[in-house]
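*Asks:* As they're listed, the protein sequences go chains S and U.
Quick note on my numbering: the first sequence kicks off at 45 and runs consecutively.
Quick note on my numbering: the second sequence kicks off at 45 and runs consecutively.
Note that beta-carbon positions come from the ideal geometry of N, C-alpha and C, so glycine has one too.
The structure is given below, and queries will be raised subsequently.
There are 2 protein chains.
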Amino acid sequence: MTALALFEEIKRKQSFLCVGLDTELSKLPPHLLGENFPLFVFNRHIIDATNDLVIAYKPNLAFYECLGAAGWQQLEMTVNYIREKYPEILIIADAKRGDIGNTAAKYAEAFFHNLACDAVTVAPYMGSDSVRPFLGFEGKWVILLALTSNAGADDFQMLSTGIQERLFESVLSKSKQWGNPDNMMYVVGATRASMLVKVRQLVPDHFLLIPGIGAQGGDLNEVAAYGCNSRCGLIVNSSRAILYADNSPRFAEVAREKAREVQQQMHAILVSRSLV
Amino acid sequence: MTALALFEEIKRKQSFLCVGLDTELSKLPPHLLGENFPLFVFNRHIIDATNDLVIAYKPNLAFYECLGAAGWQQLEMTVNYIREKYPEILIIADAKRGDIGNTAAKYAEAFFHNLACDAVTVAPYMGSDSVRPFLGFEGKWVILLALTSNAGADDFQMLSTGIQERLFESVLSKSKQWGNPDNMMYVVGATRASMLVKVRQLVPDHFLLIPGIGAQGGDLNEVAAYGCNSRCGLIVNSSRAILYADNSPRFAEVAREKAREVQQQMHAILVSRSLV
Chain S
45 MTALALFEEI
55 KRKQSFLCVG
65 LDTELSKLPP
75 HLLGENFPLF
85 VFNRHIIDAT
95 NDLVIAYKPN
105 LAFYECLGAA
115 GWQQLEMTVN
125 YIREKYPEIL
135 IIADAKRGDI
145 GNTAAKYAEA
155 FFHNLACDAV
165 TVAPYMGSDS
175 VRPFLGFEGK
185 WVILLALTSN
195 AGADDFQMLS
205 TGIQERLFES
215 VLSKSKQWGN
225 PDNMMYVVGA
235 TRASMLVKVR
245 QLVPDHFLLI
255 PGIGAQGGDL
265 NEVAAYGCNS
275 RCGLIVNSSR
285 AILYADNSPR
295 FAEVAREKAR
305 EVQQQMHAIL
315 VSRSLV
Chain U
45 MTALALFEEI
55 KRKQSFLCVG
65 LDTELSKLPP
75 HLLGENFPLF
85 VFNRHIIDAT
95 NDLVIAYKPN
105 LAFYECLGAA
115 GWQQLEMTVN
125 YIREKYPEIL
135 IIADAKRGDI
145 GNTAAKYAEA
155 FFHNLACDAV
165 TVAPYMGSDS
175 VRPFLGFEGK
185 WVILLALTSN
195 AGADDFQMLS
205 TGIQERLFES
215 VLSKSKQWGN
225 PDNMMYVVGA
235 TRASMLVKVR
245 QLVPDHFLLI
255 PGIGAQGGDL
265 NEVAAYGCNS
275 RCGLIVNSSR
285 AILYADNSPR
295 FAEVAREKAR
305 EVQQQMHAIL
315 VSRSLV
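Take a look at the structure:
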């Protein structure tokens with residue numbers, strides 16, 4: 045998928061919402077716990093209830109890996125389900141991988157071939173040769189960590205690495221030379237919306253994946269004010285606030301209501317910026 | 045395992061060798077390709093042939109994940125095999141994970157509970173709250189990336205973050221406050237042995253995991269000269285040079301010969317430093 049195709053989807057759905065599939069056994073509605081593949085069954089209900097309101101799903105690998113091979117199998121079932129039934133929806137493997145070249149190539153194989161994901165989140169610490177192996181796949185994306193939404197982001201990402209430059213800015217300015225806005229995006233935490241001004245100075249054209257809306261406390265209007273570009277340029281994620289809004293057999297219906305509320309806000313933002 | 049227990053193993057085996065299980069289907073001896081679980085069968089032969097010469101095995105997650113659930117299953121079989129048959133050997137999940145707190149806790153569960161690994165490699169970019177969730181497990185270790193062996197390490201790890209301080213040094217000096225030499229180690233690439241002087245100034249007591257010996261070109265004597273401390277303090281990894289030294293039905297025997305060569309060098313180093 046190109047950046048332009050993604051923008052077309054945003055206009056069609058009047059949404060730039062991503063639902064994070066941080067699917068946790070201990071948080072599932074009790075009536076699903078007898079299922080053979082409870083994570084997958086939960087995800088399938090969530091996906092069927094929300095697919096017309098979202099442009100992306102983002103399974104978080106940790107929540108599957110913690111169940112071992114059985115978890116990985118349910119991740120595969122989830123990705124295949126989205127791919128077959130809703131082929132227009134971007135699938136982001138939230139994996140935050142990062143390793144030397146031959147290992148990075150294996151991770152790319154894991155997420156782009158064995159799993160039919162469209163994008164994978166990657167950590168920048170190991171530099172260019174840990175990122176480039178993900179960039180050679182037609183229509184696939186690297187989403188590189190720039191500025192994350194957690195408190196620990198201050199430990200290293202905010203360190204000065206030059207005159208009026210911090211590490212996350214060095215990451216942006218260097219890494220944007222490795223790819224282009226059709227194969228790279230950046231993670232920028234929504235709890236730091238004012239930092240989006242800095243980010244947009246460095247990468248005006250790239251899509252940004254914004255976690256931290258909902259349970260993590262980010263504000264959507266503020267994110268849009270500082271982060272939108274002429275093609276929207278934002279994918280905003282919400283996980284727990286949508287997935288776990290209800291714990292009864294009505295959970296998927298309530299999840300849809302929550303997703304719908306966010307989509308309505310996004311619609312208003314897109315209209316106010318004359319993007320739809 | 046404590047640092048002291050690890051040093052006891054080093055003295056007992058006269059070795060500080062780790063064999064990296066970067067097990068790749070396309071590189072296996074052809075006679076194994078008909079097996080149901082070829083990665084596991086290969087690993088089992090390597091482990092049975094080398095266990096008395098090594099103190100650690102380090103499966104690299106990418107090589108299993110690229111085969112999906114079937115790969116993860118063979119990883120589990122490998123870890124369980126080592127755990128049951130050679131319980132004294134350290135198992136390092138080379139995963140280079142790094143995510144916010146609740147996700148990091150799930151990765152810790154994946155590697156320390158679901159898989160019975162002793163240690164996991166973690167990337168520092170997201171800061172303290174992405175590392176601390178791994179530190180609360182009795183006898184388990186975080187191995188934090190400090191200075192890696194690839195060319196891309198220059199992109200960010202070598203950036204100046206203060207007067208006479210580079211990012212990898214900031215990572216060392218800050219992160220050593222999060223844990224202690226019994227639950228943290230650091231990755232330091234052997235292709236930069238002279239940098240070990242700087243590293244040892246900052247973390248004199250921690251074990252260092254040194255990749256980059258063998259196929260990546262690092263020199264063992266140089267590493268020992270700059271990196272050894274009073275408890276050895278080194279775990280030196282070799283992967284491809286041992287695993288793929290031979291492609292015939294004799295592969296495990298040849299792997300043992302290669303591992304034995306390295307162990308003999310390590311024995312000489314330990315003797316020359318009066319550590320055994």
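So if DSSP puts U/K102 in a beta bridge, which residue, or which two residues, is it bridged to?
*Replies:* Residue numbering aside, residue 102 of chain U sits at position 58 when the second sequence is read from its first letter. Paired residues: U/G64.
*Asks:* Counting only Cβ pairs nearer than 8 Å, list the residues of chain S close to U/M229.
*Replies:* Counting from one through the second sequence, the residue named residue 229 of chain U turns up at place 185. Those within 8 Å of U/M229 in chain S number zero; the least Cβ separation is about 16 Å.
*Asks:* On the DSSP bridge list, what partners appear for U/V164?
*Replies:* The sequence position of residue 164 of chain U within the second sequence is 120, counting from 1. DSSP, once it has assigned bridges, lists U/A137, U/V186 as partnering U/V164.
*Asks:* For the stretch 110 to 123 of chain S, which residues have a CB atom closer than 7 Å to at least one CB atom of chain U, in sequence order?
*Replies:* C110, L111, G112, A113, W116, Q117, E120
*Asks:* Once DSSP output is grouped into helix, strand and coil, what is the label at U/G206?
*Replies:* Residue 206 of chain U sits at position 162 when you count from the first residue of the second sequence. Of the three classes helix, strand and coil, the one that applies to U/G206 here is strand, per DSSP.
*Asks:* Would you call the CB atoms of S/D198 and U/D138 closer than 9 Å?
*Replies:* Against the first sequence, residue 198 of chain S aligns to sequence position 154. Against the second sequence, residue 138 of chain U aligns to sequence position 94. Going by C-beta atoms, S/D198 is not nearer than 9 Å to U/D138.
*Asks:* For the beta strand (DSSP E) that U/Y230 lies in, which residues bound it at each end?
*Replies:* Position 186 of the second sequence, counted from the start, is the residue given in the question as residue 230 of chain U. First-last of the beta strand (DSSP E) with U/Y230: 228 to 232.
*Asks:* State the beta-bridge partners of S/F181 as determined by DSSP.
*Replies:* Locating residue 181 of chain S in the first sequence gives position 137, counting from the first residue. Partner(s): none; S/F181 has no beta bridge.
*Asks:* Would you identify the three-state DSSP class for U/F107, choosing helix, strand or coil?
*Replies:* Reading the second sequence from its first residue, position 63 is the one you call residue 107 of chain U. Of the three classes helix, strand and coil, the one that applies to U/F107 here is helix, per DSSP.
*Asks:* Counting only C-beta atoms, is S/Y125 closer than 9 Å to chain U at any point?
*Replies:* Taking the first sequence and counting its residues from 1, one reaches residue 125 of chain S at position 81. So no, S/Y125 is outside the interface.
*Asks:* Count the other CB atoms within 10 Å of the CB of U/T192; is the residue buried (16 or more) or exposed (fewer)?
*Replies:* As a working note, residue 192 of chain U is residue 148 in the second sequence. With 16 or more other Cβ atoms within 10 Å, it is buried.
*Asks:* Expressed to the nearest angstrom, what Euclidean distance is found between the alpha-carbon atoms of S/Y169 and S/H75?
*Replies:* On the first sequence, position 125 is the one that residue 169 of chain S refers to. On the first sequence, position 31 is the one that residue 75 of chain S refers to. Rounded to the nearest angstrom, the two C-alpha atoms are 42 Å apart.
*Asks:* Could you check what DSSP says for S/I257 in three-state terms: helix, strand or coil?
*Replies:* The residue given as residue 257 of chain S occupies position 213 in the first sequence. DSSP places S/I257 in strand when its eight states are reduced to three.
*Asks:* So with Cβ pairs under 9 Å, would you call U/R304 a contact of chain S?
*Replies:* The residue labelled residue 304 of chain U in the question sits at position 260 within the second sequence. So, not an interface residue.
*Asks:* Identify whether S/F251 lies in helix, strand or coil by the three-state DSSP scheme.
*Replies:* Indexing the first sequence from 1 puts residue 251 of chain S at position 207. S/F251 falls in the strand class under three-state DSSP.
*Asks:* Drop a sphere of 10 angstroms on the beta-carbon of S/T205, count the other beta-carbons inside from all chains shown, and report buried for 16 or more, exposed for fewer.
*Replies:* Looking up residue 205 of chain S in the first sequence gives position 161. It is buried - the Cβ of S/T205 has at least 16 other Cβ atoms within 10 Å.
*Asks:* Tell me the rounded alpha-carbon separation between S/I99 and U/A100.
*Replies:* As a position in the first sequence, residue 99 of chain S is number 55, starting the count at 1. As a position in the second sequence, residue 100 of chain U is number 56, starting the count at 1. Rounded to the nearest angstrom, the gap between the Cα atoms of S/I99 and U/A100 is 44 Å.
*Asks:* With H, G and I counted as helix, E and B as strand and the rest as coil, what does DSSP make of U/V280?
*Replies:* Within the second sequence, residue 280 of chain U is the residue found at index 236, counting from 1. Three-state DSSP puts U/V280 in a strand.
*Asks:* In whole angstroms, what is the alpha-carbon distance linking S/D173 and U/R176?
*Replies:* In the first sequence, counting from the first residue as 1, residue 173 of chain S sits at position 129. In the second sequence, counting from the first residue as 1, residue 176 of chain U sits at position 132. Using only the alpha carbons, I get a separation of about 28 Å.
*Asks:* When the cut-off is 9 Å and only beta carbons count, does S/G277 lie next to chain C?
*Replies:* Here the protein chains are S and U, and chain C is not one of them.
*Asks:* Using the beta-carbon of each residue, which ones in chain U are nearer than 9 Å to S/G271?
*Replies:* What you label residue 271 of chain S is simply residue 227 of the first sequence in a count that begins at 1. Per Cβ cutoff of 9 Å: no residues; S/G271 is ~20 Å from chain U at best.
*Asks:* What is the rounded straight-line gap between the Cα of S/L188 and the Cα of U/S316?
*Replies:* Translated into the one-based positions of the first sequence, residue 188 of chain S becomes position 144. Translated into the one-based positions of the second sequence, residue 316 of chain U becomes position 272. Using only the alpha carbons, I get a separation of about 46 Å.
*Asks:* Roughly how many angstroms separate the alpha carbons of U/E53 and S/M310, rounded to a whole number?
*Replies:* Counted from its first residue, the second sequence places residue 53 of chain U at position 9. Counted from its first residue, the first sequence places residue 310 of chain S at position 266. So the two alpha carbons sit approximately 59 Å from each other.
*Asks:* Along chain U, in chain order, which residues have C-beta atoms closer than 7 Å to that of S/K150?
*Replies:* The residue given as residue 150 of chain S occupies position 106 in the first sequence. The answer, in chain order, is A106, F107, C110.
*Asks:* For S/T165 versus S/V231, is the C-beta distance shorter than 9 Å?
*Replies:* For the purposes of this step, residue 165 of chain S is taken as residue 121 along the first sequence, with counting starting at 1. For the purposes of this step, residue 231 of chain S is taken as residue 187 along the first sequence, with counting starting at 1. At a Cβ-Cβ threshold of 9 Å, S/T165 and S/V231 count as neighbours.
*Asks:* Please state the DSSP three-state secondary structure of U/L319.
*Replies:* Taking the second sequence and counting its residues from 1, the one referred to as residue 319 of chain U is at position 275. The answer is coil: DSSP assigns U/L319 none of H, G, I, E or B.
*Asks:* Flag this pair as yes or no: are the beta carbons of U/A8 and U/D263 separated by less than 9 Å?
*Replies:* In this structure chain U extends from 45 to 320, so residue 8 of chain U is not present and cannot be described.
*Asks:* Please compile the residues from chain U whose C-beta is within a distance smaller than 9 Å of the C-beta of S/P177.
*Replies:* As a working note, residue 177 of chain S is residue 133 in the first sequence. In chain order: nothing, as chain U lies at least about 10 Å away.
*Asks:* Following the continuous alpha helix (DSSP H) through U/Q245, name the residue where it begins and the one where it ends.
*Replies:* Counted from its first residue, the second sequence places residue 245 of chain U at position 201. 240 to 246 is the extent of the alpha helix (DSSP H) around U/Q245.
*Asks:* Give me the chain U residues within the contact set of S/Q201, using Cβ-Cβ distance strictly less than 9 Å, ordered along the chain.
*Replies:* Indexing the first sequence from 1 puts residue 201 of chain S at position 157. What S/Q201 touches in chain U: Y169, M170, G171.
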